[in-house]
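To keep things clear, I will list the structure first and then write my remarks on it.
Protein chains: 2
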Amino acid sequence: MSKSEVVELPVLDPATVVPCCPPITAGELSQDDAERMALMFKALSDPIRLRLFSRVASHPGGEACVCDIQDVGVSQPTVSHHLKKLREAGLLTSERRGTWVYYQVAPSVVAAMAAMLDLRS
Amino acid sequence: MSKSEVVELPVLDPATVVPCCPPITAGELSQDDAERMALMFKALSDPIRLRLFSRVASHPGGEACVCDIQDVGVSQPTVSHHLKKLREAGLLTSERRGTWVYYQVAPSVVAAMAAMLDLRS
DNA sequence: TTCGAATATAGACAGCAATCAAAACAGCGG
DNA sequence: CCGCTGTTTTGATTGCTGTCTATATTCGAA
């Protein structure tokens, strides 16, 4: 049994996630929209994840190797766990190049989150 | 002992919170900034809270009585608990008028959150 | 003052989430 | 093939969070 194939995860992908939800002020949120939005906000509701995300985002080209960003005060497996959550929420994508894994920001998803918070004041 | 005085909670207030944090892409987040931001995102990371917030925000004048928004599928104490969390995060303010309590959105705080997500793409 | 309606608090409990150590996996160089 | 480095997964543990019931508080009206 070859274990070396790439397994495609059944996970939120940007194309699906982006046209997600109306602005939070545009009317009462449906149950479904509320749950979708909550998943994205939850991804950014942890200080470690915020710092990891900002490190990726502020790297040149909006991408960074795990090895460049993993000193955030927790163990390396914990870093990996948080990066996975950010990936599952559609906020980051990842790509392996040789020994290293690079994470990139998914700009459209972050923009969608910002749109949810848009106030028509 | 008179229990009828208003107790001022030692809690995040908009004026303190707003000039909080730089955009998430502007550079590596400090530990403190990350923790402050995480608190706000955490407040919106629950579907019930999102629905409560959107109900307040989409009411005329950006304010609503608890009695108008509390049918979101959980018990009354749970609604009260969630509204408290939103208040503590600085996203809502509340005001008692007679028997009823009205919640208002704190627009500047929500705007600050949106600014954190701003991508200079 | 007494009652009832509207909210809030307290306490208990179940499920989830963050963390770590240990082990597994993947790619590279010898 | 072997060992080394970088990353992910697994399993266990511990603390936090959402939820409920029961109780308390606040205010207006009778």
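Line by line, the protein sequences are chains Z and S. Just so you know, we're using our numbering here: the first sequence kicks off at 1 and counts up by one. Just so you know, we're using our numbering here: the second sequence kicks off at 1001 and counts up by one. Note that CB positions come from ideal geometry on N, CA and C, so glycine has one too.
Spatial neighbours of Ala95(Z) within its chain, please: CB distance less than 6 Å, with the 5 preceding and 5 following residues excluded, ordered by chain position.
Correcting the residue type first, residue 95(Z) is Glu in the shown sequence and not Ala. Same-chain partners within the cutoff: Tyr102.
Please report how far the alpha carbon of Ser1075(S) lies from the alpha carbon of His1081(S), in whole angstroms.
So the alpha carbons of these two residues sit roughly 10 Å apart.
Considering only residues of the same chain and omitting the five flanking positions on each side of Asp1118(S), which have a CB-CB separation below 7 Å?
Taken in chain order, the residues that qualify are Pro1023.
Just verifying my parser: in three-state terms, what is the DSSP assignment at Leu1091(S)?
In the structure shown, Leu1091(S) sits in coil (DSSP, three-state: anything other than H, G, I, E or B).
Going along chain Z, which residues have a C-beta under 7 Å from Asp1068(S)?
Those within 7 Å of Asp1068(S) in chain Z number zero; the least Cβ separation is about 11 Å.
Looking at the secondary structure, which residues open and close the beta strand (DSSP E) in which Gln1104(S) lies?
Per DSSP, Gln1104(S) belongs to the beta strand (DSSP E) from 1100 to 1105.
In whole angstroms, give me the CA-to-CA distance for Met1113(S) and Asp1033(S).
Distance between the alpha carbons of Met1113(S) and Asp1033(S): 12 Å.
With distances taken between CB atoms, is the gap from Arg51(Z) to Leu1029(S) smaller than 9 Å?
Contact: yes.
Grab me the residues of Phe41(Z)'s own chain with a C-beta within less than 8 Å of its C-beta, minus the 5 sequence neighbours each way, in chain order.
Closer than 8 Å at the Cβ level, and outside the excluded window around Phe41(Z), lie Met113.
Who are the neighbours of Lys84(Z) on chain S, taking C-beta pairs under 9 Å?
Result: empty, since nearest Cβ-Cβ is about 17 Å, beyond 9 Å.
Check whether chain S comes within 9 Å of Ala93(Z), counting only Cβ atoms and requiring the distance to be less than that.
Inspection of the sequence shows that residue 93(Z) is occupied by Thr rather than by Ala. Not an interface residue.
Would you call Arg97(Z) buried or exposed, if buried means 16 or more other Cβ atoms sit within 10 Å of its Cβ?
Label assigned to Arg97(Z): exposed.
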